[in-house]
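The numbering of the sequence shown is the UniProt record's numbering, which starts it at 1 and goes up by one. Backbone N, C-alpha and C fix where the C-beta goes; we use that ideal spot for every residue, glycine too.
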Amino acid sequence: MDKHLFFEQLHLLIQDEPNIIANLANISAFLNQNFDDINWVGFYLVEKDNPKKELVLGPFQGKVACIRIPFGQGVCGNAALRKETIRVLDVHQFVGHIACDAESLSEIVIPIIVDDEVIGVLDIDSPSYNRFTLNDQMILEDVVKIIEKDVFCKA
Numbered sequence: 001m002d003k004h005l006f007f008e009q010l011h012l013l014i015q016d017e018p019n020i021i022a023n024l025a026n027i028s029a030f031l032n033q034n035f036d037d038i039n040w041v042g043f044y045l046v047e048k049d050n051p052k053k054e055l056v057l058g059p060f061q062g063k064v065a066c067i068r069i070p071f072g073q074g075v076c077g078n079a080a081l082r083k084e085t086i087r088v089l090d091v092h093q094f095v096g097h098i099a100c101d102a103e104s105l106s107e108i109v110i111p112i113i114v115d116d117e118v119i120g121v122l123d124i125d126s127p128s129y130n131r132f133t134l135n136d137q138m139i140l141e142d143v144v145k146i147i148e149k150d151v152f153c154k155a
């Protein structure tokens, strides 16, 4: 993957669109096209004015998914609670993993944080063990920085 071209294309994809859902839908499709060996990619978002600390399914590419995930549950809920990326090389070794798709064997979740508040997560699953590398993590964390700045802060 040519990282310069990848990020240039990502910026062009969202630069003129103010709608958050449209941008996240296109970003999930873009990531699905640019990452090999994944079977689910998408977003879980925190609903405004919902007193529950939970993530709700947002735009994604893949099989039907879990709709609501409380903070602290599963990989997504733990990444949101801790405000840190969680890279799981074998989901069967992650205590409390939520199996939306039995074919998923590894996962990476990056929280989306604006003004020190988690507003969502980027979640990607793979049907292979050990799919996500430290390099993947760094690229995806940069994608999330773009989302935080250019999608949520301009809306």
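One alpha carbon belongs to residue 18, the other to residue 67, and they sit about 25 Å apart. For residue 68, the three-state secondary structure derived from DSSP is strand.
Rounded to whole angstroms, the separation of the alpha carbons of residue 14 and residue 133 is 26 Å. The Cβ atoms of residue 40 and residue 124 sit closer than 8 Å to each other. For residue 54, no alpha helix (DSSP H) segment is defined; the enclosing uninterrupted segment is the beta strand (DSSP E) at 54-62. Annotation for residue 125: the continuous beta strand (DSSP E) segment containing it runs 117-126. 8 Å or more divides the Cβ of residue 71 from the Cβ of residue 48. Counting every other CB atom within 10 Å of its CB across the protein chains shown gives residue 78 a total of 16 or more, marking it as buried. Beta bridge pairing from DSSP links residue 94 with no other residue.
By the criterion of at least three beta-carbon pairs nearer than 8 Å, the region 100-117 is in contact with the region 81-88. When DSSP reads this structure, residue 41 sits in a beta bridge with 61, 124. Here residue 44 is buried, its C-beta having at least 16 other C-beta atoms within 10 Å. Distances from the CA of residue 74 to each of 7, 55, 63 were compared; the closest alpha carbon is that of 55.
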